[in-house]
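Visitor: I have a structure I would like to understand better, so I am pasting it below and will then ask my questions one at a time.
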Amino acid sequence: DAGVIQSPRHEVTEMGQEVTLRCKPISGHNSLFWYRQTMMRGLELLIYFNNNVPIDDSGMPEDRFSAKMPNASFSTLKIQPSEPRDSAVYFCASSLEETQYFGPGTRLLVL
Amino acid sequence: DAKTTQPTSMDCAEGRAANLPCNHSTISGNEYVYWYRQIHSQGPQYIIHGLKNNETNEMASLIITEDRKSSTLILPHATLRDTAVYYCIVRVAAGGFKTIFGAGTRLFVKA
């Protein structure tokens, strides 16, 4: 099993640009989670899906952030427009039961 | 989910046992204790979890006190590669439930 796959691994963009992060969960898993990690705030849960349905998006910072899961094998996290304070490592995780498996993360730098 | 309290950092000599404590005095009867770790620049990795009995796997042992208000993660023979941030989390054991990560304990294994 390839594990959770995230792309791109690194992204550098300018303020105001749209950023799309992608995640492919482990096949057969029915829950998907998006996290953001910064030195100041640690690891924060942004949103999670169960059976492709968003269950809790209370961690999404503001309307500039949106997440979708059109099918069981793909999810996106979009930031539009991006700002320098969005710079962070974004992790995607998936689970079938109680254990979450994390991807390698996308390191985002907004200039 | 119940709140957990962990020391900010700990040191351990290579080859010795690393004992990482966690307090979770407000844990509910249906909440499990989970441990994850995050090695620098990687996504968090599941280690072990338990409800009230002690648990052991190939990575570590988990000792939960009888009143379930605290627990200890034990790495029996720490190696340099065990240097990481260790997160203690309490949550219900079911897929699709969000996991809240605290600040964790930064473990330094020294040669």
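As they're listed, the protein sequences go chains A and B.
All the letters of the first sequence, read from the start, carry residue numbers 325 to 435 under the working numbering.
All the letters of the second sequence, read from the start, carry residue numbers 87 to 197 under the working numbering.
We treat Cβ as the ideally placed atom computed from N, Cα and C, and that holds for glycine.
Measuring CB to CB, does residue 169 (chain B) end up less than 8 angstroms from residue 187 (chain B)?
Guide: Sequence index remark: in the second sequence, residue 169 (chain B) carries index 83 (1-based). Sequence index remark: in the second sequence, residue 187 (chain B) carries index 101 (1-based). The answer is no: Cβ separation not under 8 angstroms.
Visitor: Among B:101, B:113, B:177, which residue has its Cα nearest to the Cα of residue 422 (chain A)?
Guide: Residue mapping note: residue 422 (chain A) aligns to position 98 of the first sequence, counting from 1. Among B:101, B:113, B:177, the Cα nearest to that of residue 422 (chain A) is on B:177.
Visitor: Just reading off the beta strand (DSSP E) that residue 131 (chain B) is part of, what are its end residues?
Guide: Looking up residue 131 (chain B) in the second sequence gives position 45. Counting along the chain, the beta strand (DSSP E) containing residue 131 (chain B) begins and ends at 131-136.
Visitor: Taking CB distances under 8 angstroms as the criterion, tell me whether residue 429 (chain A) reaches chain B.
Guide: Within the first sequence, residue 429 (chain A) is the residue found at index 105, counting from 1. It does; some Cβ of chain B falls within 8 angstroms.
Visitor: Rounding to the nearest angstrom, what Cα-Cα distance links residue 117 (chain B) and residue 381 (chain A) in this structure?
Guide: Looking up residue 117 (chain B) in the second sequence gives position 31. Looking up residue 381 (chain A) in the first sequence gives position 57. Their backbone Cα atoms lie some 22 angstroms apart in a straight line.
Visitor: Taking a Cβ distance cut-off of 8 angstroms, strictly less, list which residues of the stretch 393-421 of chain A are near chain B, in chain order.
Guide: Of all residues in the stretch 393-421 of chain A, 415, 417, 419, 420, 421 have a Cβ within less than 8 angstroms of some Cβ in chain B.
Visitor: Does the stretch 151-165 of chain B touch the stretch 415-432 of chain A, meaning 3 or more C-beta pairs lie closer than 8 angstroms?
Guide: Touching, no.
Visitor: Checking 8 angstroms against the spacing of the C-beta atoms, do residue 424 (chain A) and residue 357 (chain A) come in under that value?
Guide: Position 100 of the first sequence holds residue 424 (chain A). Position 33 of the first sequence holds residue 357 (chain A). Against a cut-off of 8 angstroms, the Cβ pair of residue 357 (chain A) and residue 424 (chain A) comes out as a contact.
Visitor: List, in order along the chain, the chain B residues whose C-beta lies closer than 7 angstroms to that of residue 423 (chain A)?
Guide: Within the first sequence, the letter at position 99 stands for residue 423 (chain A). Those are 132, listed as they occur along chain B.
Visitor: Along chain B, in chain order, which residues have C-beta atoms closer than 9 angstroms to that of residue 369 (chain A)?
Guide: Here residue 369 (chain A) refers to the residue found at position 45 when the first sequence is read from its first residue. Those within 9 angstroms of residue 369 (chain A) in chain B are 184, 185, 186, 187.
Visitor: What is the residue span of the beta strand (DSSP E) that residue 420 (chain A) lies within?
Guide: By one-based count along the first sequence, residue 420 (chain A) stands at place 96. No beta strand (DSSP E) holds residue 420 (chain A); DSSP gives it neither H nor E.
Visitor: With respect to the beta strand (DSSP E) encompassing residue 155 (chain B), which residues constitute its N-terminal and C-terminal limits?
Guide: Counted from its first residue, the second sequence places residue 155 (chain B) at position 69. Neither: residue 155 (chain B) is in no beta strand (DSSP E) and is coded neither H nor E.
Visitor: Taking all protein chains shown into account, do 16 or more other C-beta atoms lie within 10 angstroms of the C-beta of residue 377 (chain A), making it buried, or fewer, making it exposed?
Guide: Mapped onto the first sequence, residue 377 (chain A) falls at position 53. Exposed, by the Cβ-count rule.
Visitor: Per DSSP, residue 187 (chain B) is paired with what?
Guide: Numbered from 1 along the second sequence, position 101 holds the residue referred to as residue 187 (chain B). Residue 187 (chain B) is not bridged to any residue.
Visitor: With 16 as the cutoff for other CB atoms within 10 Å, does residue 334 (chain A) come out buried or exposed?
Guide: Here residue 334 (chain A) refers to the residue found at position 10 of the first sequence. Flag for residue 334 (chain A) reads exposed.
Visitor: Mind checking which residues open and close the beta strand (DSSP E) that includes residue 110 (chain B)?
Guide: As a first step, residue 110 (chain B) must be located in the second sequence, where it is residue number 24. Run containing residue 110 (chain B): none; DSSP gives neither H nor E here.
Visitor: Report yes or no: is there a C-beta of chain A within less than 8 angstroms of the C-beta of residue 198 (chain B)?
Guide: Past the boundaries of the shown model lies residue 198 (chain B); chain B is included only from 87 to 197, so the question cannot be answered.
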